[in-house]
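Working notes, beginning with the structure itself.
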Amino acid sequence: MAGETVADRIDAARAVLTPIQAATGLTFAAGIAFVLVFLQDPLAHDAMHNFRHAAGITCH
Amino acid sequence: MLYDYLRRGVQAGVIAGLAYGLFMAFVANPLSEYLHHAQHDHGHDHGHGHDHAHAVSETTTAIVSVGSGVLWAIFLGGVFAIALYFLEPALPGRGAGSAFVLAGAGFLTVSATPWLVLPPAAPGAEQLYTVELRLAVYVGLVALGALVSVAAIGSYGRVASRHRALGLVAATVPIVATTVVLSTVAPTIVSHPELAGELVSAYQAMAALSQAAIWAILAASVSWLERREATSTAGVVGPNDRRSTSS
Numbered sequence: 049m050a051g052e053t054v055a056d057r058i059d060a061a062r063a064v065l066t067p068i069q070a071a072t073g074l075t076f077a078a079g080i081a082f083v084l085v086f087l088q089d090p091l092a093h094d095a096m097h098n099f100r101h102a103a104g105i106t107c108h
Numbered sequence: 012m013l014y015d016y017l018r019r020g021v022q023a024g025v026i027a028g029l030a031y032g033l034f035m036a037f038v039a040n041p042l043s044e045y046l047h048h049a050q051h052d053h054g055h056d057h058g059h060g061h062d063h064a065h066a067v068s069e070t071t072t073a074i075v076s077v078g079s080g081v082l083w084a085i086f087l088g089g090v091f092a093i094a095l096y097f098l099e100p101a102l103p104g105r106g107a108g109s110a111f112v113l114a115g116a117g118f119l120t121v122s123a124t125p126w127l128v129l130p131p132a133a134p135g136a137e138q139l140y141t142v143e144l145r146l147a148v149y150v151g152l153v154a155l156g157a158l159v160s161v162a163a164i165g166s167y168g169r170v171a172s173r174h175r176a177l178g179l180v181a182a183t184v185p186i187v188a189t190t191v192v193l194s195t196v197a198p199t200i201v202s203h204p205e206l207a208g209e210l211v212s213a214y215q216a217m218a219a220l221s222q223a224a225i226w227a228i229l230a231a232s233v234s235w236l237e238r239r240e241a242t243s244t245a246g247v248v249g250p251n252d253r254r255s256t257s258s
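Residue numbers (the working numbering), protein chains in the order written: chain A, 49 to 108; chain B, 12 to 258.
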């Protein structure tokens with residue numbers, strides 16, 4: 049553990065993750081972020097209205 | 012190991028999400044609805060599509076808002092845990108210390124820095140700019156917030172090796188400088204013509220404190236789960252399993 053660097057952690061992640069898995073994870077995260085923070089469709093916008101206001105998200 | 016971090020992050024997200032969901036259900040939802048109605052009663056149009064034609068019922072809004080709050084905390088928990096996995100070696104502090112440093116950086120990046128230009132708006136706010144422009148500005152400010160966090164942690168690391176308290180002062184310099192510059196330069200782009208200033212401040216404080224609380228709960232839960240797993244693995248190997256005596 050001691051003396052470990054960020055590069056070691058990246059190498060360790062490379063060893064357990066395929067690029068496809070990493071891409072899938074990133075897509076998932078981006079999807080959730082998009083829906084919660086950016087999606088402006090009136091249905092989604094109105095339904096998440098209180099959440100976006102209370103969380104200080106700049107939706108409208 | 013990456014999977015262990017992610018699992019703990021999502022578990023911590025569920026813990027923070029339960030707390031934040033309850034907060035949404037019992038504080039933020041009723042307050043937001045109240046502010047919404049209080050301004051409707053004045054009865055004049057101030058040009059907000061969402062003030063009038065509602066696409067969904069209030070009940071739907073309340074339920075989806077609670078669900079979004081839970082999902083938001085789980086999302087932050089997952090991102091937080093992955094970032095902790097990669098950045099832990101570079102963070103100051105050991106164990107829980109580094110988790111709290113990263114949580115602070117997360118709050119600074121995702122919420123605090125963007126709020127210097129785009130402050131939390133109460134329902135019924137009038138915005139100067141279009142939503143597209145604001146979302147673009149938001150993305151830019153998240154990037155700036157990440158840079159400020161890196162600068163703060165970097166200057167702590169450089170100075171703290173000589174003197175720890177001076178390191179803490181050095182860490183606040185980039186944060187204070189950004190706060191001062193952005194809050195003087197940024198135009199006031201949101202106004203609440205029909206709400207008392209104190210009420211708007213209270214609403215913004217509620218938003219800020221609740222977001223900060225999510226990050227604090229995430230950091231505390233992730234390090235709690237990590238300690239608990241460490242002791243239970245040690246217990247399986249060792250003769251006195253602490254789980255059997257405590258439960």
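Ideal Cβ positions, reconstructed from N, Cα and C, are used throughout, including at glycine.
**Report entry** Span of the alpha helix (DSSP H) around Val140 of chain B
**Finding:** What sits at residue 140 of chain B in the sequence shown is Tyr, not Val. Element bounds for Tyr140 of chain B: n/a, residue is neither H nor E.
Requested in this report: Could you tell me the boundaries of the alpha helix (DSSP H) in which Arg62 of chain A lies?
Outcome: 54–64
**Report entry** For Ala219 of chain B, the nearest candidate out of B:Ala39, B:Gly20, B:Val25 (CA to CA)
**Finding:** B:Ala39
**Report entry** Positions along the segment 56–77 of chain A whose CB lies within less than 9 angstroms of some CB in chain B
**Finding:** Asp56, Arg57, Ile58, Ala60, Ala61, Val64, Leu65, Gly73, Phe76, Ala77
Query raised in the report: To which residues does DSSP link Val201 of chain B through a beta bridge?
Result: B:Gln138
Report task. Name the residue from B:Leu46, B:Leu29, B:Asp15 whose alpha carbon lies nearest to the alpha carbon of Val211 of chain B. Result -> B:Leu46
Report task. Closer than 8 angstroms by C-beta to Ala227 of chain B: which residues in its own chain qualify, once you throw out the five before and the five after it? Chain order, please. Result -> Phe111, Ala114
Requested in this report: Locate the alpha helix (DSSP H) running through His101 of chain A, then write down its first and last residues.
Outcome: 97–102
**Report entry** Contacts that Thr71 of chain B makes with chain A (C-beta to C-beta distance below 7 angstroms)
**Finding:** Ala95
Query raised in the report: Anyone know if the C-beta pair for Ala95 of chain A and Thr71 of chain B falls short of 7 angstroms?
Result: yes
Query raised in the report: Is DSSP giving Ala207 of chain B helix, strand or coil here?
Result: coil
Query raised in the report: What are the start and end residues of the alpha helix (DSSP H) that includes Pro259 of chain B?
Result: Because chain B spans 12 through 258 in this model, residue 259 of chain B falls outside it and cannot be assessed.
**Report entry** C-alpha distance - Gly108 of chain B paired with Phe86 of chain B, whole-angstrom precision
**Finding:** 22 angstroms
**Report entry** Spatial neighbours of Ser166 of chain B in its chain, beta-carbon cut-off 7 angstroms, leaving aside the 5 residues before and after
**Finding:** Ala181, Ala182, Val184, Pro185
Requested in this report: Please compile the residues from chain B whose C-beta is within a distance smaller than 9 angstroms of the C-beta of Leu84 of chain A.
Outcome: Ser79, Leu82, Trp83, Phe86
Query raised in the report: Beta-carbon of His65 of chain B versus every beta-carbon of chain A: anything under 7 angstroms?
Result: yes
Query raised in the report: Cβ of Gln50 of chain B within 7 angstroms of Cβ of Gly135 of chain B?
Result: yes
Requested in this report: Could you tell me whether the segment 197–212 of chain B touches the segment 128–147 of chain B, where touching means 3 or more Cβ pairs closer than 8 angstroms?
Outcome: yes
Query raised in the report: By Cβ distance below 7 angstroms, which residues in the same chain neighbour Gly89 of chain B in space, the five residues on each side in sequence not counted?
Result: Leu17, Gly20, Val21, Gly24
**Report entry** Alpha-carbon to alpha-carbon, Gly156 of chain B and Leu146 of chain B
**Finding:** 15 angstroms
Query raised in the report: Would a C-beta distance cut-off of 7 angstroms place Val81 of chain B and Gly32 of chain B closer than the cut-off?
Result: yes
Query raised in the report: What do you reckon, are the CB atoms on Thr101 of chain B and Val85 of chain A nearer than 7 angstroms?
Result: Checking the sequence shown, residue 101 of chain B turns out to be Ala, not Thr. Not a contact, by the Cβ cut-off of 7 angstroms.
Query raised in the report: For Arg145 of chain B, which residues in chain C fall below 7 angstroms Cβ to Cβ?
Result: The structure shown contains no chain C; the protein chains it does contain are A and B.
**Report entry** Within chain A, the residues that Ala218 of chain B reaches when beta carbons sit closer than 7 angstroms
**Finding:** Ala102, Ala103, Gly104
**Report entry** Test: Leu87 of chain A CB closer than 7 angstroms to a CB of chain B
**Finding:** no
Query raised in the report: Nearest CA to the CA of Ser43 of chain B: which residue from A:Ala81, A:Ile68, A:Glu52, A:Arg100?
Result: A:Arg100
Query - Under 8 angstroms from the C-beta of Tyr96 of chain B: neighbouring residues of chain A - result: Arg57, Ala61
**Report entry** His57 of chain B classed as buried or exposed, judged by whether at least 16 other C-beta atoms fall within 10 angstroms
**Finding:** Bear in mind that a pLDDT of 45 at His57 of chain B, under 50, signals an unreliable position, so the number given afterwards is only what the model happens to contain. So His57 of chain B ends up on the exposed side.
Report task. Determine, using beta carbons only, whether Ala61 of chain A and Leu13 of chain B come nearer to each other than 7 angstroms. Result -> yes
Query raised in the report: Applying a beta-carbon distance threshold of less than 9 angstroms, which residues of chain A neighbour Tyr45 of chain B?
Result: Chain A residues near Tyr45 of chain B: none, gap ~11 angstroms exceeds 9 angstroms.
Query raised in the report: Measuring CA to CA, which of B:Ser234, B:Pro103, B:Asp15 is closest to Leu179 of chain B?
Result: B:Pro103
Requested in this report: Count the other C-beta atoms from every protein chain shown that fall within 10 angstroms of the C-beta of Ser5 of chain B, then say buried if there are 16 or more, exposed otherwise.
Outcome: As displayed, chain B neither begins before 12 nor continues past 258, which places residue 5 of chain B out of reach and without an answer.
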